[in-house]
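Below you'll find the structure, written out as structure tokens, and then a few comments.
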Amino acid sequence: SGLVQLSMRMAGKDVLRDSDMQAASIGTPLEPCPEYSGLQRGDLVFWKGHVAIMTDAKDMIHANGHTMLVSREGLKDAVERIGYLYGGPTGFRRP
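Residue 51 in my numbering sits at position 67 of the sequence shown; the count goes up by one each step and never skips.
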């Protein structure tokens, strides 16, 4: 959520700090197609307590506890890895 807040600030937009507040307030909600198709660069993917920024239709960037870094990861890989412990994505938004 801090990565999203900083990225949006650098783009000239102020957003709230926490991922749950961002999920309720940034841009417009999306209903992704099966296999998460239809997502594009800049779209946000939310999980409980976490958010990622899509870098293209298949990959995302996020600050995560798995690597303890900001890293790029395939969305499908992240959904599988994160879902194992925390469940699937809770929402998608386009800023």
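A virtual CB, placed ideally from N, CA and C, is assigned to each residue, including glycine. For clarity, every value in this text was computed on a predicted model and none was experimentally measured.
Residue span of the alpha helix (DSSP H) that contains residue -9, given as start and end:
Numbered from its first residue, the sequence shown carries residue -9 at position 7. Element bounds for residue -9: -14 to -6.
Identify every run of the beta strand (DSSP E) within the region -10 to 31, keeping only runs that are complete inside it and at least 3 residues long; order them along the chain.
28 to 31
Would the region 50 to 61 count as touching the region -5 to 12 if we require 3 or more Cβ pairs under 8 Å?
Verdict: no, contact absent.
Residue 41, DSSP secondary structure in three states
As a working mapping, residue 41 is identified with position 57 in the sequence shown. Of the three classes helix, strand and coil, the one that applies to residue 41 here is coil, per DSSP.
Separation of residue 18 from residue -10, as counted between CA atoms
Translated into the one-based positions of the sequence shown, residue -10 becomes position 6. Translated into the one-based positions of the sequence shown, residue 18 becomes position 34. If you take the alpha carbons of residue -10 and residue 18, they lie about 30 Å apart.
Given this structure, state the Cα-to-Cα distance separating residue 22 from residue 29, to the nearest angstrom.
As a position in the sequence shown, residue 22 is number 38, starting the count at 1. As a position in the sequence shown, residue 29 is number 45, starting the count at 1. Distance between the alpha carbons of residue 22 and residue 29 is about 12 Å.
Sort out for me which residues DSSP pairs residue 53 with in a bridge.
Within the sequence shown, residue 53 is the residue found at index 69, counting from 1. Residue 53 is bridged to 48.
In terms of residue numbering, what span does the beta strand (DSSP E) encompassing residue 72 cover?
As a working mapping, residue 72 is identified with position 88 in the sequence shown. Taken as a continuous stretch (DSSP letters only), residue 72 belongs to no beta strand (DSSP E), as it is neither H nor E.
What would DSSP say about residue 58, mapped onto helix, strand or coil?
Mapped onto the sequence shown, residue 58 falls at position 74. In the displayed model, residue 58 falls within a strand according to three-state DSSP.
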